[in-house]
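S.K.: Numbering (the numbering used here), first residue to last: 1 to 180. From the three backbone atoms N, C-alpha and C, an ideal C-beta is built for every residue, glycine too. Here you go, one structure.
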Ligand code: GDP
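Shown next as structure tokens:
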């Protein structure tokens, strides 16, 4: 039991193309990602030292099922909604549709995991694309307040705030663990 205590499953949710795989690759320290040829990996595990304590995160990279998802897609999506110890909901600041999807995902999570106080971090990725911005920082922040989650803007391209994001996940998990 003890040895499992510091392993946590973190599920990434969000529309296709918002940057989930890019964020998780940076987290995992994958150097040259060649996404073109093979099936991508879905889970990455890494031990982080945060505030002098080690915690292992198993990060699960997922996607939104298509409009007509296969049974397997549906199964995986539902599975992910059940198993996370924490959730990272990603949108792109250049894509308002993905911001709206993020709200829907938050609502779905609230339904599936009603009674649990699971940490959720709302992430506005692609913060480097300032000229294409469709969602302001204020909107992101306000959404996080309404949905009772943490908020951070990141850029996987510039590797900005990515470490901070995953350290934040660890801290949110610990806050809940320690208040039990
Ligand atoms: P996923 O479908 O959510 O996993 O998204 P990907 O990680 O595959 O990224 C989709 C596309 O957006 C790729 O071409 C990435 O290189 C690009 N991308 C991801 N993050 C960023 C970012 O922070 N800034 C910019 N400019 N492009 C990004």
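Leaving aside the five residues before and after residue 81 along the sequence, list all residues of the same chain whose C-beta is less than 7 angstroms from its C-beta, in chain order.
M.R.: Closer than 7 angstroms at Cβ, skipping near neighbours: 108, 109 and 112.
S.K.: My understanding is that residue 168 touches residue 121, with C-beta atoms under 8 angstroms, so please give their C-beta distance in whole angstroms.
M.R.: Confirmed, Cβ separation roughly 6 angstroms.
S.K.: With 16 other CB atoms within 10 Å as the buried threshold, where does residue 16 fall?
M.R.: Exposed, since its Cβ has fewer than 16 Cβ neighbours within 10 Å.
S.K.: Within a Cβ cutoff of 8 angstroms, which residues of the same chain sit near residue 159, ignoring the five residues on either side of it in sequence?
M.R.: Taken in chain order, the residues that qualify are 26.
S.K.: Which residues does DSSP pair with residue 142 in a beta bridge?
M.R.: Paired residues: none, contrary to the question.
S.K.: When the Cα atoms are used, what is the spatial distance from residue 171 to residue 61?
M.R.: Straight-line Cα distance between these residues: approximately 20 angstroms.
S.K.: Does the pairing of the region 127-138 with the region 89-100 give three or more beta-carbon distances under 8 angstroms?
M.R.: Output reads yes: the region 89-100 touches the region 127-138.
S.K.: Could you check whether residue 13 and residue 87 sit closer than 8 angstroms to each other, using their CB atoms as the reference points?
M.R.: Contact flag set, yes.
S.K.: Taking 6 angstroms as the limit between beta carbons, can you name the residues of its chain near residue 151, skipping five residues before and five after?
M.R.: Taken in chain order, the residues that qualify are 122, 140, 141 and 144.
S.K.: Alpha carbon to alpha carbon, how far is residue 164 from residue 174? Give it in angstroms, no decimals.
M.R.: If I take the Cα positions, the gap works out to 15 angstroms.
S.K.: Could you check if residue 180 is buried or exposed, using at least 16 other CB atoms within 10 Å of its CB as the buried criterion?
M.R.: The residue in question, residue 180, is exposed, as its Cβ has fewer than 16 Cβ neighbours within 10 Å.
S.K.: Closest to residue 45 by CA distance: which of 53, 29 and 52 is it?
M.R.: Cα-wise, what sits closest to residue 45 is 29.
S.K.: For residue 9, which option in 52, 54 and 59 has the closest C-alpha, if you only look at C-alpha atoms?
M.R.: Out of 52, 54 and 59, 59 has the C-alpha closest to the C-alpha of residue 9.
S.K.: Return the first residue and the last residue of the alpha helix (DSSP H) that residue 76 is part of.
M.R.: It spans 71-83 - the alpha helix (DSSP H) in which residue 76 sits, taken as one unbroken run.
S.K.: Grouping DSSP H, G and I as helix and E and B as strand, with all else coil, what is residue 43?
M.R.: Residue state, collapsed to three classes: strand.
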